[in-house]
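A.B. asks: First, the structure itself, so that you have it in front of you.
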Amino acid sequence: RQSSAVAPDMLERDPENRLLARGSRYRLPSWMIRDAALRDCGLLNPALGGPPTMPYQPDGVWAEMFMGRFRYEPSQGPAQFRRTVYAFWRRASAPTFLFDSAQRRVCEVRPRLTNTPLQALTLLNDRSLWEASRQLARDAITDSDASESRITFMFRRVLSRDPQPDELAVLSRELRKARDHYERTPADAGRLLDFGQPELRDSKQPAELSAYTLLGNMLFNMDEAMTHE
1 RQSSAVAPDM LERDPENRLL ARGSRYRLPS WMIRDAALRD CGLLNPALGG
51 PPTMPYQPDG VWAEMFMGRF RYEPSQGPAQ FRRTVYAFWR RASAPTFLFD
101 SAQRRVCEVR PRLTNTPLQA LTLLNDRSLW EASRQLARDA ITDSDASESR
151 ITFMFRRVLS RDPQPDELAV LSRELRKARD HYERTPADAG RLLDFGQPEL
201 RDSKQPAELS AYTLLGNMLF NMDEAMTHE
């Protein structure tokens with residue numbers, strides 16, 4: 001359990017809370033989770049202005065709502081990785097990954113904050129996060145040849161700190177399990193690497209890249225990665 005008591009050293013260093021040493025713990029807004037993941041893996045497109053981006057949506061979400069009068073096509077290339085503030089939006093159907101978003105039928109002063117199992121399920125399967133995980137895995141493999149160094153590289157990118165020994169042990173164990181699985185079932189590795197953009201398939205070591213991709217998805221879905229403390 002967390003305590004609301006202020007630590008004396010923090011109070012002395014930041015008495016007016018200008019450095020945000022104190023504050024409530026809450027889940028980051030969904031748009032911030034997506035943008036942070038794209039930034040961490042290097043895919044975020046910082047372009048300002050211009051036409052909206054069409055982020056990934058589940059098949060059929062728009063078809064039922066508009067009865068075939070509107071066809072939704074996800075953006076391709078760098079446009080897909082623009083900041084979420086530029087996401088295409090209609091009042092009848094907001095992007096499915098934008099939890100707690102305003103309904104845009106009335107003015108809302110502040111967003112609602114919720115935390116439900118459905119949000120966790122969506123983030124575990126969100127296509128944007130899987131593409132970010134794959135790119136992060138590719139960068140880690142390029143950065144080093146040692147497993148622990150690669151894991152530390154990914155951990156720093158996502159959580160901005162080094163992993164503790166017990167965290168490194170858990171991630172190393174999960175990496176070995178994932179690598180063994182993809183080596184035994186190369187078809188699963190192919191499905192994980194063949195979809196989406198950018199084209200990142202590495203035919204020389206698909207099991208290795210798939211295992212680190214799975215590890216990246218685990219990191220993006222950690223509580224610490226999506227929570228403001």
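Numbering-wise, this note's numbering puts 223 at position 223 of the sequence shown, and it's gapless, one number per residue. Glycine included, every Cβ here is placed at the ideal spot set by N, Cα and C.
Roughly how far, in whole angstroms, is the beta-carbon of residue 215 from the beta-carbon of residue 183, given that I think they are within contact range, below 8 Å?
C.D. replies: One-based indexing of the sequence shown puts residue 215 at position 215. One-based indexing of the sequence shown puts residue 183 at position 183. No, residue 215 and residue 183 are not in contact; Cβ-Cβ is about 15 Å, not under 8 Å.
A.B. asks: Between the region 89 to 108 and the region 50 to 60, do three or more beta carbon pairs fall short of 8 Å?
C.D. replies: Yes: the two stretches touch, three or more of their Cβ pairs being nearer than 8 Å.
A.B. asks: In three-state terms, what does DSSP make of residue 137?
C.D. replies: Within the sequence shown, the letter at position 137 stands for residue 137. DSSP places residue 137 in helix when its eight states are reduced to three.
A.B. asks: Assuming residue 151 and residue 133 make a contact with CB atoms under 8 Å, what is their CB distance in whole Å?
C.D. replies: For the purposes of this step, residue 151 is taken as residue 151 along the sequence shown, with counting starting at 1. For the purposes of this step, residue 133 is taken as residue 133 along the sequence shown, with counting starting at 1. Not confirmed; about 13 Å, so no contact.
A.B. asks: Is the separation between the beta-carbon of residue 272 and that of residue 220 shorter than 8 Å?
C.D. replies: With the chain covering only 1 through 229, there is no way to say anything about residue 272.
A.B. asks: Sorted by chain position, which residues of the same chain lie with C-beta nearer than 8 Å to residue 162's C-beta, five sequence neighbours on each side aside?
C.D. replies: Residue numbering aside, residue 162 sits at position 162 when the sequence shown is read from its first letter. So the qualifying residues of the chain are 152, 155 and 156.
A.B. asks: Determine which residues share a DSSP beta bridge with residue 26 and list them.
C.D. replies: Stepping through the sequence shown from its first residue, residue 26 is reached at position 26. Answer is 228, bridged to residue 26.
A.B. asks: Among the residues of its own chain, which have a CB less than 7 Å from the CB of residue 42, if the five just before and after it don't count?
C.D. replies: The count along the sequence shown starts at 1 and reaches residue 42 at position 42. For residue 42, where only same-chain residues beyond five positions count, the Cβ hits under 7 Å are 135 and 139.
A.B. asks: What residues are listed by DSSP as bridge partners for residue 45?
C.D. replies: Translated into positions along the sequence shown, residue 45 becomes position 45. Answer is 82.
A.B. asks: Here's a check: name, in chain order, each residue in its chain whose Cβ is nearer than 8 Å to the Cβ of residue 113, leaving out the five neighbours to either side.
C.D. replies: Sequence index remark: in the sequence shown, residue 113 carries index 113 (1-based). Counting only Cβ-Cβ distances below 8 Å, and skipping sequence neighbours, we find 26, 27 and 100.
A.B. asks: Taking C-beta to C-beta, are residue 211 and residue 178 nearer than 8 Å?
C.D. replies: The count along the sequence shown starts at 1 and reaches residue 211 at position 211. The count along the sequence shown starts at 1 and reaches residue 178 at position 178. Yes.
A.B. asks: Given residue 213, which residues of its chain have a CB within under 7 Å of its CB, disregarding the five upstream and five downstream residues?
C.D. replies: Translated into positions along the sequence shown, residue 213 becomes position 213. So the list reads 133, 134, 137 and 192, once near-sequence residues are dropped.
A.B. asks: Taking residue 220 as part of the alpha helix (DSSP H), name the residues at either end of that continuous run.
C.D. replies: Taking the sequence shown and counting its residues from 1, the one referred to as residue 220 is at position 220. Taken as a continuous stretch (DSSP letters only), the alpha helix (DSSP H) holding residue 220 covers 206 to 220.
A.B. asks: Using CA coordinates, which residue listed in 131, 121 and 115 is at the minimum distance from residue 78?
C.D. replies: What you label residue 78 is simply residue 78 of the sequence shown in a count that begins at 1. Per the Cα distances, 131.
A.B. asks: Can you tell me which of the three DSSP states residue 53 falls into?
C.D. replies: Within the sequence shown, the letter at position 53 stands for residue 53. Strand.
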